[in-house]
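In my numbering, the protein residues as written are 109 to 319.
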């Protein structure tokens with residue numbers, strides 16, 4: 109072990125060829141050829157926009173959860189409100205505030221960065237930032253929802269109960285699991301692990317600041 113902090117760091121390789129081999133409705137499949145350790149390597153991966161999620165916590169330490177159908181896994185699963193970063197140039201904080209309104213009819217006065225993670229770094233470039241939202245209030249009117257969101261269920265769950273569900277493996281959505289674990293740990297540290305809501309997101313491959 110070294111004395112430096114334990115952290116992931118960006119690492120640039122020379123991409124000698126890249127092509128989109130499948131164009132989907134939401135995300136694509138990309139094939140890259142790059143040089144690494146003296147070899148030419150080909151990798152195919154899901155080229156993803158990235159996403160944001162929000163753990164909304166009320167004054168009673170209850171988490172807002174929504175349940176909706178997810179076709180790839182065949183489940184109506186409990187989740188945090190979340191959405192894709194699929195609006196060109198939209199700031200992630202603006203995107204997550206919009207998602208909280210659209211999926212839960214809520215606004216918040218206090219926003220912080222709670223957690224960040226890559227969903228499957230060996231197979232896609234999707235990264236998700238989870239925000240903590242407090243100071244909640246209802247929007248003036250309910251958002252009209254369609255498709256899988258048309259029958260969203262909403263529940264306010266004590267953070268400790270949500271943690272129990274995670275540890276008992278009764279819920280599996282990654283943003284929910286990571287968000288609840290991070291919130292429970294951060295609360296125990298008097299929320300000292302939080303970062304400002306507008307913090308740069310340098311580990312997002314499409315938002316990374318380059319010298």
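For each residue, glycine too, the CB sits at the ideal point set by N, CA and C. From a predicted model like this one, the values you see are computed outputs, not experimental measurements.
Using a C-beta cut-off of 8 angstroms, the segment 152-167 makes contact with the segment 131-139, since at least three inter-stretch Cβ pairs fall below that distance.
Using a Cβ distance threshold of 9 angstroms, residue 237 and residue 200 count as a contacting pair.
When DSSP reads this structure, residue 311 sits in no beta bridge, so it has no partner. The DSSP-derived three-state label of residue 287 is helix. Nearest C-alpha to residue 227 among 266, 292, 185, 161: 161.
By the Cβ criterion, the segment 220-235 is in contact with the segment 284-291, since at least three pairs of Cβ atoms, one from each stretch, lie closer than 8 angstroms. In this structure the segment 165-172 touches the segment 262-278; the number of beta carbon pairs closer than 8 angstroms is three or more.
Residue state for residue 193 is assigned as coil, using DSSP reduced to three classes. Just measuring C-alpha positions, the residue of 146, 312, 145 sitting nearest residue 232 is 312.
Scanning its chain for C-beta atoms nearer than 8 angstroms, with the 5 sequence neighbours on each side dropped, one finds around residue 122 the residues 142, 143, in chain order.
Secondary structure in the segment 190-243: the beta strand (DSSP E) runs of 3 residues or longer, each lying completely within the stretch, are 190-192, 214-226 in chain order. Boundaries of the beta strand (DSSP E) harbouring residue 164: 159-164, taken from the DSSP string. Collapsing the DSSP output to three states places residue 188 in coil. Within its own chain, no residue has a Cβ closer than 8 angstroms to the Cβ of residue 113 once the five positions on either side in sequence are excluded. For the set 243, 116, 309, the Cα lying nearest the Cα of residue 217 is the one of 243. In terms of Cβ geometry, residue 189 and residue 212 form a close pair [threshold 9 angstroms]. The beta-carbon separation of residue 275 and residue 165, rounded to 19 angstroms, does not stay under the 8 angstroms limit for a contact. Annotated as proximal: residue 279 and residue 270, with beta-carbon spacing under 9 angstroms. Residue 206 and residue 245 do not touch by the CB rule: their CB atoms are close to 16 angstroms apart, not below 8 angstroms. The C-alpha of residue 209 is placed about 37 angstroms away from the C-alpha of residue 119.
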